[in-house]
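With mature numbering (1 follows the signal peptide of the UniProt record, and there is no 0) applied, the sequence shown corresponds to residues -20 to -1, 1 to 370, in that order. Report on the following structure.
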Amino acid sequence: MKRMLLAAVAAIALSGTAGAETIKVGVVGPFSGPFAIQGKNFKAGIDAWMALNGAKVGENDVEIVYRDLPAANPAQAKALAQDLVVKESVQYLAGFYFTPDAMAVTPLLEQANVPMVIMNAATSAIVTKSPLVVRTSFTLWQTSVPMAKVATARGIKKVITVVSDYGPGVDAETAFATTFKADGGEIVESVRMPLSTTDFSPIMQRVKDSGAEAVFAFLPSGPTTLGFLKSYNENGLKGAGIQFLAPGDLTQESDLPALGDTALGVTTTFHYSVAHDSPENKKFVEAARAAIGNPAELSFPSVGAYDGMRVIYKMIEATGGKQDAAKAVDAVKGMAWESPRGPVSIDPESRHLTQNIYLREVAKAADGTYYNKEIQTFANMADPGLAAAK
């Protein structure tokens, strides 16, 4: 496979010397299966960017090549990335909803001379695995540390943490617990669930029995987050006064219609709300909703993909369409812009996004729709998890 990758790179390098070329971007994500709505959001963000900015960078055409990875599967992720590099001759890899899939691909990047733009996967350590990784999403440390601060400010003293047992879940648990305990709080119990967990009633009983005043939870957005929040309500935790604390994955916009009034008042901390009030976001949401078809399905992975395309376009411009991964990545270090989520910048050392994190509350609009209303801003947050990842 190494010989095939090198041959593919050489062929692309030779072809790139003859004027305008078609630059291919390989996007790996869940376009079918239980997490298909997240893949739809990747595509909506990409389509919105290209609708607003065109499908060319200079004289070079840009083509997106999609590969479907319905659920976390590191071996399959690596195989798909190899296929994209060798058979499709992509110059850029992007997407990656789940952390284990992104981690599996990082060893290929330098050999293939291809940068990777992470549009979702949220474990801090990913950017440390290769100098050719750039993140345009967020990390669980980034979104969980503010929630610990919110818990302390509310006077909460005892919390139970409940997370999915994989990289982002461990990051969320560690970020919240470390910050909360440093501020004088107590973690009375920590529960890690298999990713495949769908019956949350036993978990809710453990929460009730723990004596905690609040539960801090993280699961990957999708059917599991919807089921978890429903179980929290149906098992009487809300009625018992046990507060719900979580990053925004747990109240993604596409789940709010199904949750209905039971979600009202639930607060989360996150990097993006579809309801963010800015001219950039209004323009983006209009284009992304047109691209996704059903406006109610638009959610946070779309903005990671939209900003990811901005970064890739900058890389193509900086390299003149030639294949030079190191030069491409160097060109976006320190890059800053006004995203639909607010002001962002790429840290030149970590290649991770510095951005605002917002405390949001689920509210009901005059037309009866539900949305995440931003009520507090934690400005210009870098990734607190990078030190822990080293």
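For every residue, glycine included, the Cβ atom is placed at its ideal position computed from N, Cα and C.
The Cβ atoms of F250 and G273 do not sit closer than 7 Å to each other.
Taking C-beta atoms under 8 Å as the contact rule, L217 and V187 qualify, at a distance of about 6 Å.
The three-state reading of DSSP puts L64 in helix, counting H, G and I together. Y252 carries a coil assignment under DSSP once its states are collapsed to helix, strand and coil.
DSSP, reduced to helix, strand and coil, places Q18 within a helical segment of the structure shown.
Take D63, set aside five residues on each side of it, and the residues of its chain with a beta-carbon closer than 8 Å to its own are R47, in chain order. Here V195 carries a strand assignment [DSSP, helix/strand/coil]. Closest option to V171, judged by alpha-carbon separation, among I183, D163, T247 and G348: I183. Residue state for A59 is assigned as helix, using DSSP reduced to three classes. Assigned with DSSP and collapsed to three states, A226 falls in strand. Pairing V107 with R115 gives a Cβ-Cβ distance under 7 Å. K294 and A308 have their C-alpha atoms roughly 8 Å apart.
For W29, the closest alpha carbon among the candidates D257, E354, P320 and S279 is that of P320.
When DSSP states are grouped into helix, strand and coil, I106 belongs to the helix group. For V114, there is no enclosing alpha helix (DSSP H); the residue is part of the beta strand (DSSP E) that begins and ends at V113 to R115. The beta-bridge partner set that DSSP reports for A367 is empty. According to the DSSP assignment, P95 belongs to no alpha helix (DSSP H), since it is labelled neither H nor E. Pairing G6 with N215, the inter-Cα distance amounts to about 43 Å. Taking C-beta atoms under 8 Å as the contact rule, G165 and V142 fail to qualify, at a distance of about 16 Å. Assigned with DSSP and collapsed to three states, Y350 falls in strand.
For F78 and L209, the gap between their C-alpha atoms comes out near 21 Å. DSSP places D48 in the uninterrupted beta strand (DSSP E) bounded by N40 to D48. Short of 7 Å from the beta carbon of P174, and not among the five residues preceding or following it, lie these beta carbons of its own chain, in chain order: D145. Distances from the CA of K36 to each of M83, R290 and D304 were compared; the closest alpha carbon is that of R290. Contiguous alpha helix (DSSP H) elements confined to the segment 285 to 349 occur at 305 to 312, taking only those with 4 or more residues.
In the DSSP annotation of this structure, the continuous segment of the beta strand (DSSP E) that includes M173 starts and ends at E166 to M173. Closest option to D363, judged by alpha-carbon separation, among D347, I355, N336 and A267: N336. Annotated three-state conformation of M361 is strand, per DSSP.
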